[in-house]
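K.L.:
Chains as they are written, first to last, in this note's numbering: chain A, 21 to 419; chain B, 21 to 419.
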């Protein structure tokens, strides 16, 4: 089911990213002769990876037909969040055909959560008429050994350490599976159909319960020597700051992760410094980062200062990364990104002021517009990339 | 003079990095059939890129002969420093055959400096018996547009902004030329024959007049979206720190660059806080970063505290980069690296304490052992990489 060589892989990627094309267009794009390309396309058709479409095909004129990714292609994206399971089925061009979301609790352990996911998969199979999946991609909210397809010491996920998520799902689904952390798949989603579509080198920064960064270099996710690249939540931003769960002091997450926001919001509600948050605490018995976002949007001065302070510290870390990595774009996503433009304005202000002009000249900093769908599309794209590479290229040797 | 295809390119890289090999060994390594490989090797021989060596060749037995990079292959490495011109000629395996160093002053402008370099090239031609160069690599101590082969707004180099260094040298030398900043070529040198030889993802940190970082990802120099990646000297380490030449406050270089060390050493000498530096100032009328190094090595407490403070700030920046980039190795080089183990110990202490265990688990931090030669070997390696890629691969489209 894999392409035999790099020409076949190139055809698959062109059709996936650009949609159906005539054979003539493919000849131009792939750079093979018409007759050699015809051989490769026939092989792809024989193996069910592409098929013919459009009026030319119905007249039986194979040479003038339009080629597309096989209509039966189905990818499964599984985005495992701290409190939700989010699944989608896409076609071969990563268009979402069906989607289902349920609440979950990762503390139930991997077997229970995966069992719940498999029941959701069955619903999606029926809903989208999918007998079998071409491949599945999985995102996990914690450190992952991409090579081994398993979580490694994920915080707040008892029982998941070194659980063979990839092997378990590959056996249950009878298709190739890849597992990565949630931030990396969100970055891939943005690259496939979001704001990063035309960028080769960019950063996707997720600000949610934790703060992480997906790194895309030369159009591929960069995972680092041991797979932990992008872990920016524990960068020190103030040696005199609060103690972090990791044991160091003044980490970015200790100021602006979901837990830090909840802690500060609760204190502000109790002390009455934020009337808006105090009301919220009285009404519902708790305050959340979403309440901070709402309060800031409503003009509550203390909530606004919380957002500005947090955004300034995020900007401080990103300014250093911009000088170091020189990305073409920074995308901000994750739950806290819902705070929107107040957050963005402050991050921009710090980064553009503190980084070197050479690096920031044309570099946009933008909010993700894909929301939850980034992870699902990215998970599908990850496994599609894996399948669209021929055996000689590095993507088949996950590191 | 370029290889025709990726098989030829693979043969060239194998011979360059591993030395001469028999045809049988090449069949195993390249993965072509014996007869197909013979065709590619014959083409490489016809075009003067490889030749036969060893006893098998002298008996005329081509099929059992040993193949090597053509003995006539000659690369030129030009390392332009702030006050020195350093040139070397290497063979096809990057072994230095001849080397010449002269003092220069970049403020004389590019025409005068390049003219001086070309006279040095003529000396080297005679010394090494080199009629023509296969290619030349050039390192420049400032920001470079790699794609255009020219410096961009380099500080302290009047007249060099957008001077066509690559085109000028390519015309004068009649060979392919590539130009990059000095830190990137030093990183390549370490990868070719230094401590980074077996690493695919590592950082080379140069601490000299400025502080910069060469980034190697998946065995290639990563230059970023606009070519300025690795500029870590202007990362803010203390918002209340001294004003930097770049206009911001508290940049790493404002604490520990050559200029900052000279400034602090002079103050310490004048105030008498450092008896060693005061002696030095009296004797020679000036103090330099080298004097700080010597004073620290001699146990002068104030000089030792200067080194520790600077190293701590370097470590602080590197700790964040380790979490972000997850390198397999960090190499410390450049003039200030001559301070040696006191510097290294403090950097290690901060990085290992502040970065996450997953990222630092097996990551060594080491001093460069190549010294000045890193840049020369790296410059030769850069142009060799360019030539060893076939037309279909990204390296021929410098970005």
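In this text, a Cβ means the ideal position worked out from N, Cα and C, and glycines have one as well. Nothing here was measured: the structure is a model prediction, and the numbers come from that model.
#1: Could you check what DSSP says for residue 321 of chain A in three-state terms: helix, strand or coil?
#2: Please name the residue, chosen from B:405, B:170, B:307, B:338, that lies closest to residue 232 of chain B on a Cα-to-Cα basis.
#3: Could you name the residues that DSSP lists as bridge partners for residue 122 of chain B?
#4: Classify residue 154 of chain B as helix, strand or coil using the three-state DSSP reduction.
#5: Taking one C-beta from the segment 102–114 of chain B and one from the segment 34–46 of chain B each time, how about it: are there three or more such pairs within less than 8 Å?
#6: DSSP puts residue 201 of chain B in a beta bridge; with which residues?
#7: Using the beta-carbon count (16 or more within 10 Å), is residue 128 of chain A buried or exposed?
#8: Does the beta-carbon of residue 268 of chain B, which I'm using as the reference point, lie nearer than 7 Å to any heavy atom of the ligand NAP?
#9: Check the Cβ of residue 341 of chain A against every Cβ in chain B and list those closer than 7 Å, keeping chain order.
#10: Note down the Cα distance separating residue 403 of chain B from residue 168 of chain B, rounded to an integer number of angstroms.
#11: If you measure from the beta carbon of residue 372 of chain A to each beta carbon in chain B, is any gap under 8 Å?
#12: Run through DSSP, which three-state label would residue 97 of chain B get?
#13: Could you work out which residues of chain A lie near residue 387 of chain B, taking near to mean beta carbons separated by less than 9 Å?
#14: Can you list, in chain order, the residues of its chain with a C-beta nearer than 6 Å to that of residue 281 of chain A? Leave out the 5 residues immediately preceding and following it.
#15: Which of the three DSSP states is assigned to residue 168 of chain B in this structure?
#16: Identify the contact partners of residue 249 of chain B in chain A, using a Cβ-Cβ distance below 7 Å as the criterion.
#17: Skipping 5 residues on each side, what residues in its chain have a beta carbon closer than 6 Å to that of residue 171 of chain A?
#18: At the level of alpha carbons, what is the spacing between residue 251 of chain B and residue 345 of chain B?
#19: Against residue 221 of chain B, what residues of chain A qualify as contacts under a CB-to-CB distance less than 7 Å, listed in chain order?
#20: Among A:101, A:98, A:106, A:72, which one has its Cα closest to the Cα of residue 92 of chain A?
#21: Give the secondary structure of residue 89 of chain A by DSSP, where H, G and I count as helix, E and B as strand, and everything else as coil.
#22: Output the boundary residues of the beta strand (DSSP E) element that contains residue 71 of chain B.
#23: Output needed for residue 249 of chain A: all residues of its chain with C-beta closer than 7 Å, excluding positions within five of it in sequence on either side, in chain order.
#24: Can you have a look at residue 262 of chain A and say buried or exposed, based on whether 16 or more other CB atoms are within 10 angstroms of its CB?
#25: If I follow the unbroken beta strand (DSSP E) through residue 237 of chain B, where does it start and stop?
#26: State the DSSP-derived secondary structure class of residue 376 of chain B, mapped to helix, strand or coil.
#27: Specify the secondary structure class of residue 307 of chain B as computed by DSSP and reduced to three states.
#28: Taking Cβ positions only, does residue 277 of chain A come closer than 8 Å to chain B?
#29: Taking Cβ-Cβ distances below 8 Å as the criterion, which residues of the segment 157–184 of chain A are in contact with chain B?
#30: Within a Cβ cutoff of 7 Å, which residues of the same chain sit near residue 333 of chain B, ignoring the five residues on either side of it in sequence?
#31: I need the straight-line Cα distance from residue 260 of chain A to residue 223 of chain A, nearest angstrom please.
#32: Quickly, what does DSSP pair residue 241 of chain A with across the bridge? List them, please.
#33: Taking only the alpha-carbon atoms, compute the straight-line gap between residue 215 of chain B and residue 207 of chain B and give it to the nearest angstrom.
#34: Just to make sure I have the definition right: I need the residues of chain A whose C-beta is within less than 7 Å of the C-beta of residue 231 of chain B. Which are they?
#35: Is there at least one Cβ from chain A nearer than 8 Å to residue 237 of chain B's Cβ?
#36: By Cβ distance below 8 Å, which residues in the same chain neighbour residue 419 of chain A in space, the five residues on each side in sequence not counted?
P.N.:
A quick look at the data gives this:
#1: Reduced to three states, the DSSP call for residue 321 of chain A is helix.
#2: Check the Cα spacing between residue 232 of chain B and each of B:405, B:170, B:307, B:338: the tightest is with B:338.
#3: Per DSSP, the beta-bridge partners of residue 122 of chain B are B:105.
#4: In this structure, residue 154 of chain B counts as coil in the three-state DSSP scheme.
#5: A contact exists between the segment 102–114 of chain B and the segment 34–46 of chain B.
#6: Residue 201 of chain B is bridged to B:160.
#7: Exposed: under 16 other Cβ atoms inside 10 Å.
#8: The ligand content of the structure shown is nil, which means the ligand NAP is not present either.
#9: From the beta-carbon of residue 341 of chain A, the residues of chain B found nearer than 7 Å are 344.
#10: When rounded, the distance between both Cα atoms is 15 Å.
#11: Interface annotation, residue 372 of chain A: not in contact with chain B, CB-CB separation never under 8 Å.
#12: In the structure shown, residue 97 of chain B sits in a strand (DSSP, three-state: E or B).
#13: Within chain A, no C-beta atom comes less than 9 Å from the C-beta of residue 387 of chain B; the nearest is roughly 19 Å away.
#14: Excluding residues within five positions, the ones whose Cβ falls inside 6 Å are 309, 312.
#15: Coil at residue 168 of chain B, not helix or strand.
#16: Listed along chain A, the residues sitting closer than 7 Å to residue 249 of chain B by beta-carbon distance are 344, 345, 346.
#17: The answer, listed in chain order, is 160, 162, 164, 180.
#18: The straight-line gap from Cα to Cα measures roughly 14 Å.
#19: For residue 221 of chain B, the neighbours in chain A by C-beta distance under 7 Å run, in chain order, 244, 245.
#20: Closest option to residue 92 of chain A, Cα to Cα, is A:72.
#21: Note: residue 89 of chain A maps to strand in three-state DSSP.
#22: For residue 71 of chain B, the enclosing beta strand (DSSP E) begins and ends at 70–73.
#23: Here the set comprises 235, 242, 243.
#24: Classification for residue 262 of chain A: exposed.
#25: 231–237 is the extent of the beta strand (DSSP E) around residue 237 of chain B.
#26: Coil at residue 376 of chain B, not helix or strand.
#27: Three-state result, residue 307 of chain B: coil.
#28: With its beta carbon at least 8 Å from every one in chain B, residue 277 of chain A lies outside the interface.
#29: The residues in question are 163, 172, 173.
#30: Same-chain partners within the cutoff: 257, 272, 275, 276.
#31: Taking the straight line joining both Cα atoms gives about 28 Å.
#32: In the DSSP assignment, residue 241 of chain A is bridged to A:236.
#33: So the alpha carbons of these two residues sit roughly 10 Å apart.
#34: In chain order: nothing, as chain A lies at least about 11 Å away.
#35: Flagged as an interface residue toward chain A: residue 237 of chain B, by a C-beta distance shorter than 8 Å.
#36: Interpretation of residue 419 of chain A is limited by its pLDDT of 33, a score under 50 that renders its predicted location unreliable; the figure taken from the coordinates is listed afterwards. Contacts found: 166, 167, 243, 247.
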